[in-house]
Amino acid sequence: MGKQVTYLPKCHSTNDIAADLLTQNNFSNGQVIITDYQYAGRGQRGNTWDSEKGMNLTFSIILEPDFLEAAKNFYLSMAISLGIIDALSALLPDVKIKWPNDLYYENKKIGGILIESNIRSGKLMNSIAGIGINVNQESFTITKASSLKKILGHELQRDSVFQKIISGIDKRYLQLQQKDHKSLKDQYLKNMYRYKEESFFRSDKDFSGQIAGIDENGQLQISSGGQIMSFGFKEIEFLD
Ligand code: BTN
């Protein structure tokens, strides 16, 4: 992973560049597309991903997880988020994964992941793991956002953070390839934001409950009023 790194001084979205390379069949497994300035970055739920020029990490990794059943695609998401957590834990302990794959420090979002996959014959033929980490940016329009620099109080070398993340993801991806699903899931839960803590959520109505786990489809299981309910990504929102 990361043996081939394509650097672009600027681009619209590294996920879109990676998708173009896939269409042209002009890519290698593990190839990274990285830019200093992403001017049309995309986030989950159709949101934009804004990142100040030259301050952060915005990159995408092209993967061919054809060993993974499409129905188990959440394991890829777990492997990517855990790889990042492993890397960041050397710099900042207690970074958590807010389900499904936001990176949080306390109540602030410091990074996000956008995975886009193509499925063939029930397997993940290829996936683009787009990663945005707020490294040295100091001011944000979104109050929930923060950066490593703001939290640690000093600037970081983006390249060194990038190398750590690539090697962290590489290790977790190997674990995924080895079908070590149980420990990926155990460790994902261990690093999960608000796991087993009483929290407020919004679905059809607002309610309180505790995150009890993740089901086989990657849905969030919440225990509330003596019942366990499962929610898909678009069906639930965390309230503060
Ligand atoms: C989210 O939290 O909503 C996901 C954000 C993902 C942002 C990254 S930055 C690199 C890659 N290219 C994009 O357009 N998006 C992802």
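Residue numbers (the numbering used here): 8 to 247.
C-beta: ideal position from N, C-alpha, C; glycine also.
- Selection N143, K151, I149, G137 evaluated against I176 yields G137 as nearest (Cα-Cα).
- For the pair K156 and Q144, the CB atoms are nearer than the 9 Å cut-off.
- Taking a 10 Å sphere around the C-beta of G119, we find 16 or more other C-beta atoms and assign the residue as buried.
- DSSP, read as helix, strand or coil, puts E205 in strand.
- In the DSSP assignment, the residues bridged to E244 are R209.
- Note that the C-beta distance between T55 and T42 is not below 9 Å.
- Cβ contact annotation for D222 (same chain, cutoff 7 Å, sequence separation greater than five): Q228, S237, in chain order.
- Here DSSP, grouped into helix, strand and coil, assigns M62 to coil.
- The three-state secondary structure of A86, taken from DSSP, is helix.
- For N133, the enclosing beta strand (DSSP E) begins and ends at 130-140.
- Under the three-state reduction of DSSP, F147 is assigned to coil, being neither helix nor strand.
- Taking the C-beta atoms as reference points, V142 is found no nearer than 9 Å to S128.
- Here D109 is buried: its Cβ has 16 or more other Cβ atoms, across all protein chains shown, within 10 Å.
- For N22, the enclosing alpha helix (DSSP H) begins and ends at 21-30.
- The ligand BTN approaches K116 closely enough that one of its heavy atoms is under 8 Å from the residue's Cβ.
- Less than 9 Å divides the Cβ of L95 from the Cβ of I140.
- In this structure the segment 47-63 does not touch the segment 72-80; the number of beta carbon pairs closer than 8 Å is below three.
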